[in-house]
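Residue numbers (my numbering): 2 to 131.
Quick notes on the structure that follows.
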């Protein structure tokens with residue numbers, strides 16, 4: 002995953018939710034679908050601070066700086082490329098799972114991280130496939 006505005010390039014999104022995935026990059030929630038699936042809401046979580054010396058270190062620290070119109074590029078393991086444009090940013094409680102649901106008529110990428118300073122809520126940036 003590449004997010005030009007944030008200076009992020011080639012951030013790995015592991016196809017599992019595990020501490021290892023969140024230490025080495027970001028974690029894709031497999032049940033939410035994939036970029037090549039029309040109507041999916043591809044959901045990826047990453048640490049705000051992460052672990053120094055790993056790919057997770059501050060990986061989504063500036064996620065809240067993304068605004069509508071910003072670009073996110075995703076390349077799958079087969080080399081397929083997908084371009085998303087940010088459409089909105091929302092803040093939800095950590096137990097909100099509805100934000101992972103598909104949205105009728107849209108193919109989305111949702112990126113999630115914790116809020117600062119206390120990690121009490123989650124920032125979710127949603128982007129539409131173009």
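For each residue, glycine too, the CB sits at the ideal point set by N, CA and C.
Residue 121 is not a Cβ neighbour of residue 110, given a cutoff of 8 Å. In the same chain as residue 75, and ignoring 5 residues on each side of it, the C-beta atoms closer than 6 Å to its own belong to 2, 36 and 83, in chain order. Contact between the segment 99-109 and the segment 41-55 is present: three or more C-beta pairs spanning the two stretches fall below 8 Å.
Contact annotation: residue 66 and residue 6 have beta-carbon atoms nearer than 8 Å. Nearest neighbour of residue 52 by Cα position, chosen from 33, 24, 78 and 31, turns out to be 24. The beta carbon of residue 31 sits closer than 6 Å to those of 16, all from its chain and outside the five residues before and after it, given in chain order. Bounds of any beta strand (DSSP E) do not take in residue 22; it lies within the alpha helix (DSSP H) bounded by 20-25.
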